[in-house]
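Everything below concerns the one structure shown next.
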Amino acid sequence: MKIEMIKENKKDYLDLLLLADEQESMIDKYLEKGIMFAIYDDSLKGICVVTKEDERTYELKNIAIYKEFYGQGYGKKLVEYIFEYFKNDCDTMYVGTGDSPLTIPFYLKCGFIESHRIKNFFIDNYDNPIYECKKQLIDMVYLKKNFKYRYIKG
Ligand SMILES: CC(C)(COP(=O)(O)OP(=O)(O)OC[C@H]1O[C@@H](n2cnc3c(N)ncnc32)[C@H](O)[C@@H]1OP(=O)(O)O)[C@@H](O)C(=O)NCCC(=O)NCCS
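Each residue of the sequence shown is one higher than the one before, counting from 858 in the numbering used here.
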């Protein structure tokens, strides 16, 4: 298994990007500046995209694994990899998601904790209603991973 940074032709991975963020115009807002990683285990299994939001603040903007490989640890491996990759440059990494049982338990398992919400984000920013598990996504739920206290000695 290997994880590689993807620097060019990020749109080649649009099929995966759309699994996590179904409106391409929203993906276009972060893809160019985003740092993309792909996980391979023989073949491509999934991708993620991280942006630098502030001097020591990063955000996981997109993570997607091909459906036939869900539940095999690839998503968590990608998250563990980016935590390790950014830990010296990053105090806090955020991830935003819908209030969905398909994603929040995954992020909690990966070590994120709940942070805050942006009310009506999916209504205000997406052209069409988005449903997951038959429930319309309304607010953006932000989770965070803090790094900065881990390295203080004493
Ligand atoms: C969310 C996603 C990336 C998870 O990837 P994955 O490879 O299936 O997840 P993993 O196998 O690494 O799971 C890691 C842990 O989270 C748990 N988990 C994953 N999805 C879960 C779910 N829907 N409900 C409960 N737990 C879940 C796993 O059981 C595992 O737990 P463990 O560490 O105790 O074994 C994947 O389902 C996906 O690509 N979804 C579509 C795109 C998407 O919605 N992206 C997020 C946008 S916000």
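All C-beta atoms, glycine included, are put in the ideal place defined by N, C-alpha and C.
CB contact flag (residue i, residue j, <8 Å)
i: E971; j: M950; result: no
i: D956; j: D981; result: no
i: V936; j: K918; result: no
i: K944; j: F1004; result: yes
i: Y999; j: G953; result: yes
i: L873; j: E881; result: no
Start-to-end residues for the alpha helix (DSSP H) that takes in residue i
i: M883; result: E881 to L888
i: L994; result: Counting along the chain, L994 falls outside any alpha helix (DSSP H), and DSSP gives it neither H nor E.
i: F943; result: Y931 to F943
i: D899; result: It is not in any alpha helix (DSSP H) - D899 carries neither H nor E in the DSSP assignment.
Straight-line gap, residue i to residue j (C-alpha atoms, nearest Å)
i: E879; j: R974; result: 20 Å
i: M862; j: L994; result: 31 Å
i: Y887; j: C905; result: 12 Å
i: K859; j: K902; result: 10 Å
i: C967; j: Y938; result: 11 Å
i: Y897; j: N977; result: 36 Å
i: K868; j: Y964; result: 25 Å
i: F979; j: N985; result: 9 Å
i: D948; j: E941; result: 12 Å
i: A877; j: E865; result: 20 Å
i: E912; j: K1002; result: 16 Å
Bridge partners - residue i, DSSP secondary structure assignment
i: C905; result: F894 and I920
i: T960; result: Per DSSP, none; premise fails for T960.
i: D911; result: T914
i: M858; result: The partner list for M858 (beta bridge, DSSP) is empty, contrary to what the question assumes.
i: N1003; result: T949
Residue range of the unbroken beta strand (DSSP E) whose run includes residue i
i: I970; result: I970 to I975
i: I987; result: Note, I987: premise wrong, no beta strand (DSSP E); not H, not E.
i: G953; result: T949 to G955
Residue i at chain C interface by Cβ criterion, 8 Å
i: K886; result: Here chain C cannot be found, since the structure has a single protein chain.
- How about the segment 983 to 1003 and the segment 925 to 933: do they share at least three Cβ pairs that are nearer than 8 Å? no
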